[in-house]
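First to last, the sequence lines map onto chains A and B.
Just so we're aligned, residue -18 is where the first sequence starts under this note's numbering, counting upward by one.
Just so we're aligned, residue 39 is where the second sequence starts under this note's numbering, counting upward by one.
Below is one structure; the comments refer to it alone.
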Amino acid sequence: MSNFWGLIRNENMKIYRKPGTFVMMGILVALVLITAFLFKNIVDETVTGNWKQKLQTENVQLQKEIKKEAKSNPGIVKYNTEKIEINKYRIKHNYQPIRSVADYLQKSTSMVSIIVILTLIVAGGSVAGEFSAGTIKMLLIRPSSRTMILLSKFIAVILFAIVLLLLNFVASFIIGGLVYGFEGASQPILEYVNGHVETMNVFGEIWKQYGYGCIELIIMATFAFMLSVMFRNSSLAIAASIILSMSGSIIMSFISKYSWSKYVLFANTDLTMYTAGRTPLVKGMTLNFSIAVLLVYFIVFTVLTVVVFKKRDVAA
Amino acid sequence: MENNVLVSLKDVKKSVGSKEIIKGLSFDIHGGEVFGFLGPNGAGKTTTIRMMVGLMSLSSGEITIKGKNIKTQYKEAIANVGAIVENPEMYKFLTGYQNLLHFSRMVKGVSKQRIKEVVALVGLTDRIHEKVKRYSLGMRQRLGIAQALLHSPSVLILDEPTNGLDPAGIREIREYLRDLARKEGIAVIVSSHLLSEMELMCDRIAIIQKGELIGLQATREFVQGAGTKKVRFVVDQPQAAEKAARHHLKEGEIGTGDDYIEMIVEREDIPEITATLVVEGVRIYSIVAETQTLEEKFLEVTGGESVV
Ligand SMILES: Nc1ncnc2c1ncn2[C@@H]1O[C@H](COP(=O)(O)OP(=O)(O)OP(=O)(O)O)[C@@H](O)[C@H]1O
Ligand SMILES: [Mg+2]
């Protein structure tokens, strides 16, 4: 077992000694910084002064819009109704609308899609990169089984993804706090669900989203490992896995009208579709269904990867 | 020595697709010897080495290392092996030291002290903390040899180990490998294109061509050969000498020069020809039996084909 610990240390060393790894982390932090400012300029919902009065005025305005647009634009009706209910709730329970670091933390969970791409790059480099560089034969002529070598790589890549998630959280917290202030961060978020307003703990929601992000990262890393072992060429494996994962949502938008499309991998990777205020991609999908589908893909990918990696002659 | 077989190949075959690239190799390699693997480009040397270290599967046959089957007891077998297969590719973005640290973590019982020792041995002490991407070809080769020696293996397999080394480096490595075999009793297997190198380094040489073993002999026998050789007699009267030698030579040419005659004869015939010449009154100043170099022998055995 001490041997296996050594394998993981080796893989970590190879990930963090590559200059590119820190460039990736820098890119992530830069993106957090940029979006923090962009987001502030686009929508600022903070209402100060006599905010209850202001919300009431807004509600009257929204009510008028509903009457005017009732026939022509059902979307506006739905949106405004939700807004009115939430405003009423705020006035009743004394929740002043304050934009705080909590809102930004919630927004920045969408950075998971960037983290997926960075993880795909590292995963492709970790497995296919050894073939491209020819180091794979140096790695395999040691008293460790090929399965253990692959497993140590997988663990190191998942650890890297977790490091990125943590980095994203910490950077968002610090930068978001500086841009929006920490005041009001403990206020619950208000969501309009099934005809009534619900309060939710902000950090509970954020952790849930990060948890979903972890699941997505694990399945995507498995996918990248499979492509790496099949192609044995890092640029090809990285390009293929990124293109497939990015075009996943586009492909889904074309095929989501068919009910079989819910079995497609990319219909299930983004679990945040099950959070409040969003709808699943295909009708009838549930969180448990998606997790079951992902589990099946995970097992199939893993078995294929291990079998191919163990069997193949290494001629690199 | 016979009972000290460290590596054994039994009718090893390898097919890729419908093409058979190794057509049944069988030989044993003993502890304490430097074993040379000689063959023209594409003969199958690297392929055989890949099978010995488990990078490629065998289509049929069996390879054992210290009695452990490379297929069924891979970990036990490979724990005894240090190897370079083709070029010693290392992680370019790591330093030489980090590369060695990396490989030391994959085997049991390599201390920091041992790493230092090996680094000194291959003469990289001054440059070991530099990134490998800044190494020259010869320095990479030295680092490759260092990683193969790290865990003090009892079988050392080196595919073209002198590739890229300067003459001093070649000599150092050659002497070190010979020492390892003599003193530590390990089996050293090398393949090389430098035939003269093999002659100096190896105890036994296997020649393979088109995936077949076509010769396996001790280097000494190989070079001197029990067979025929070209002999030159430096004499005072070449014409008389030629006439006398004719009696012994049923066929073949006798070359003559101003002060010598030359002929291809069996080793055993040399004393008799000399006696005849003396009896005929020819004065002999010197007799030179040209030993064939391994290179000539190699070209002769492989029919001079350079690439299969
Ligand atoms: N992966 C492969 N697939 C198909 N054929 C291969 C493969 N690897 C090697 N060969 C073929 O096997 C033969 C032996 O190749 P090998 O690399 O073992 O030769 P070698 O003796 O090491 O040659 P060199 O002296 O050039 O290094 C060659 O004809 C080569 O084309
Ligand atoms: Mg070769």
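By construction, the Cβ of each residue, glycine as well, lies at the ideal position given by its N, Cα and C atoms.
Just so it is clear, the structure is predicted and the values come from calculations on it, not from any experiment.
For a Cβ distance threshold of 7 Å, nothing in chain A lies close to residue 58/B: the least Cβ distance comes to about 15 Å. Across the structure, residue 337/B and residue 211/B are spaced so that their CA atoms are roughly 26 Å apart.
For residue 119/B, the enclosing beta strand (DSSP E) stretches over residues 119 to 122. For the pair residue 73/B and residue 225/B, the CB atoms are nearer than the 8 Å cut-off. Counting every other CB atom within 10 Å of its CB across the protein chains shown gives residue 191/B a total of 16 or more, marking it as buried. For the 8 Å CB-CB criterion, residue 125/B and residue 115/A form a contact. When the alpha-carbon of residue -14/A is set against those of 17/A, 133/A, 87/A, the nearest one is in 133/A. Each of 83/B, 84/B, 124/B, 197/B, 198/B, 229/B has a C-beta closer than 7 Å to some heavy atom of ligand 2; these make up the full list, in chain order. Under the three-state reduction of DSSP output, residue 108/B falls in the coil class, being neither helix nor strand. For the options 204/A, 216/A, 120/A, the alpha carbon positioned closest to that of residue 250/A is the one of 204/A. As the crow flies, the alpha-carbon of residue 222/B is around 13 Å from that of residue 189/B.
For residue 248/B, no alpha helix (DSSP H) encloses it, and the DSSP letter there is neither H nor E.
Just so you know, the alpha carbons of residue 163/A and residue 79/A end up roughly 10 Å apart. Neighbours of residue -13/A in chain B, taken as residues whose beta carbon is under 7 Å from its own, are 143, 144 in chain order. Contact note: residue 213/A does not reach chain B at a C-beta cutoff of 9 Å; the least C-beta distance is about 13 Å. Under DSSP, residue 73/B takes part in a beta bridge, and its partners are 227/B, 242/B.
For residue 254/A, not one C-beta of chain B is nearer than 8 Å to its own C-beta. Taking CB atoms only, residue 125/A has a neighbour in chain B less than 8 Å away. Per DSSP, the unbroken alpha helix (DSSP H) holding residue 215/A starts and ends at 215 to 236. At least one CB atom of chain B sits nearer than 8 Å to the CB of residue 115/A.
Neighbours of residue 102/A in chain B, taken as residues whose beta carbon is under 7 Å from its own, are absent, since the nearest beta carbon is some 15 Å off. Relative to the non-hydrogen atoms of ligand 1, the Cβ of residue 59/B comes within a distance shorter than 7 Å of at least one.
Here DSSP, grouped into helix, strand and coil, assigns residue 164/B to coil.
Assignment of residue 272/B by DSSP, reduced to helix, strand and coil, places it in the strand class. With 16 or more neighbouring CB atoms inside 10 Å of its own CB, residue 279/B falls in the buried class.
With fewer than 16 other beta carbons inside 10 angstroms of its own, residue 239/A counts as exposed. Less than 8 Å separates the beta-carbon of residue 83/B from that of residue 77/B. Interface annotation, residue 167/B: not in contact with chain A, CB-CB separation never under 8 Å. For chain A, the residues of the stretch 84 to 95 of chain B that bring a beta carbon within less than 8 Å of one of its beta carbons are 88, 91, 92, 93, 94, 95, in chain order.
The beta carbon of residue 49/B sits closer than 8 Å to those of 62, 63, 64, 98, 99, 100, all from its chain and outside the five residues before and after it, given in chain order.
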